[in-house]
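Since the structure comes first, as structure tokens, the remarks are kept for the end.
In the numbering used here, the protein residues as written are 3 to 379.
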């Protein structure tokens, strides 16, 4: 039976055992109070206009917001790989980072333009209602999470706008906009409505990235001299705009905004991009690097006195590290919802999109050095 959202459903859900369980949690992460859990409305983006069933960027990334999960329904609706992840990592009480599921939060409703896909998610997380419209979801949410595993972003403004217009803290999956113009449109809309907005790649939240940022902040090893961010997989012009997001995000996270120019060379299944600044040392992206496939990606930050290298794995365990970065991204979002302080500067978000466009332009023009201003104008 479909659990389509009605006003009566929401009023009933407010006193449901699911919400009561969440509300009774001690030491709440948020300041909403023990009797008022933070309601997160989750939205699934489409994939090239098609439904995205079993969207990993909602099932995996947002699952910690909800106190309960029905593993039998997870087994019914998801494939073996994700099912195993839920059992061994996402809902493993021995791997909860002392926070999962998060205290005092609940997924209030789920929106997918495809009703059966939305219903499948609701089946897996008891108490979650299917929102028939974005306005319904926004009305009964305190914060919004937009998940997109397609990496295109063509529908993100339409999905984010109703919540942003109400000033709701919003996470919008990368790429926040598929083009520089669309990214700027979303950022400007959020600013206009004083709505805290967050977007980032998982790479920003790896244990190693956090450690490199700590090293940079303390200055213990001297100034940052160079960053190399590598990604496995095979280069293609189309894939660059999807998977190139990750290493570019890593570079901007470590080096900051203020990129002057970029150039990129591509050959066969790999590409190398050089990201330069006017006032600091450069960064490099290597996409299609053949030797990092077992860990998906690799990064190195070279300081004057030390080179620090890392992968997503923690103590050699890739999936534990993957779980950690998912947890940290969600936790960062919740902190933003609590404080209304944005964790990622808008300029960094905008420049990631611009770097992708500028490097693609460079490839098409014999790898010439393209100033970022050319695509930001």
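Beta carbons are placed, not taken as given, at the ideal position from N, Cα and C, and that holds for glycine.
All of these numbers come straight from a predicted model, not from anything done at the bench.
Cβ separation of residue i and residue j, assumed to be a contact under 8 Å, to the nearest whole Å
| i | j | result |
| --- | --- | --- |
| residue 291 | residue 257 | About 19 Å; that fails the 8 Å criterion. |
| residue 169 | residue 196 | 6 Å |
| residue 272 | residue 237 | 5 Å |
| residue 327 | residue 207 | 4 Å |
| residue 112 | residue 100 | Rounded, the Cβ-Cβ distance is 27 Å, inconsistent with contact. |
| residue 344 | residue 200 | 6 Å |
| residue 129 | residue 156 | With a Cβ gap of about 31 Å, residue 129 and residue 156 do not count as contacting. |
| residue 259 | residue 347 | 6 Å |
| residue 43 | residue 84 | Residue 43 to residue 84, Cβ: 22 Å. No contact. |
Residue i, buried or exposed, once every other Cβ within 10 Å from all chains shown has been counted against 16
| i | result |
| --- | --- |
| residue 176 | buried |
| residue 268 | buried |
| residue 60 | buried |
| residue 379 | exposed |
| residue 274 | buried |
| residue 103 | buried |
| residue 247 | buried |
| residue 50 | exposed |
| residue 355 | buried |
| residue 219 | exposed |
| residue 350 | buried |
Simplified DSSP state of residue i, which is helix, strand or coil
| i | result |
| --- | --- |
| residue 366 | helix |
| residue 191 | helix |
| residue 263 | strand |
| residue 237 | coil |
| residue 216 | helix |
| residue 223 | coil |
| residue 112 | strand |
| residue 269 | strand |
| residue 45 | strand |
| residue 90 | helix |
| residue 378 | helix |
| residue 331 | helix |
| residue 173 | strand |
| residue 200 | strand |
| residue 298 | coil |
| residue 178 | coil |
| residue 104 | coil |
| residue 361 | helix |
| residue 304 | strand |
| residue 52 | strand |
| residue 343 | coil |
| residue 208 | coil |
| residue 32 | Low confidence applies to residue 32: its pLDDT is 35, below 50, so where it sits in the model is not reliable enough to give any reading. |
| residue 80 | coil |
| residue 163 | helix |
| residue 254 | helix |
| residue 134 | coil |
| residue 119 | helix |
| residue 350 | helix |
| residue 186 | helix |
| residue 383 | Coverage of the chain is limited to positions 3 through 379, which leaves residue 383 absent and any answer about it impossible. |
Alpha-carbon spacing of residue i relative to residue j, whole angstroms
| i | j | result |
| --- | --- | --- |
| residue 87 | residue 186 | 35 Å |
| residue 232 | residue 38 | 43 Å |
| residue 251 | residue 270 | 23 Å |
| residue 386 | residue 222 | Lying outside 3 to 379, the shown extent of the chain, residue 386 is not represented and no answer is given. |
| residue 64 | residue 147 | 8 Å |
| residue 127 | residue 362 | 41 Å |
| residue 225 | residue 278 | 16 Å |
| residue 204 | residue 255 | 11 Å |
| residue 95 | residue 192 | 37 Å |
| residue 297 | residue 213 | 18 Å |
| residue 359 | residue 182 | 8 Å |
| residue 32 | residue 107 | Low confidence applies to residue 32: its pLDDT is 35, below 50, so where it sits in the model is not reliable, and the reading given next is rough at best. Taking the straight line joining both Cα atoms gives about 8 Å. |
| residue 228 | residue 284 | 6 Å |
| residue 318 | residue 40 | 35 Å |
| residue 178 | residue 209 | 23 Å |
| residue 276 | residue 316 | 28 Å |
| residue 119 | residue 131 | 13 Å |
| residue 364 | residue 152 | 24 Å |
| residue 137 | residue 167 | 11 Å |
Beta-carbon spacing of residue i, residue j below 8 Å
| i | j | result |
| --- | --- | --- |
| residue 289 | residue 249 | yes |
| residue 309 | residue 301 | no |
| residue 332 | residue 92 | no |
| residue 122 | residue 79 | yes |
| residue 139 | residue 261 | no |
| residue 305 | residue 97 | no |
| residue 150 | residue 47 | yes |
| residue 265 | residue 371 | yes |
| residue 105 | residue 339 | no |
| residue 299 | residue 234 | yes |
| residue 286 | residue 244 | no |
| residue 342 | residue 171 | yes |
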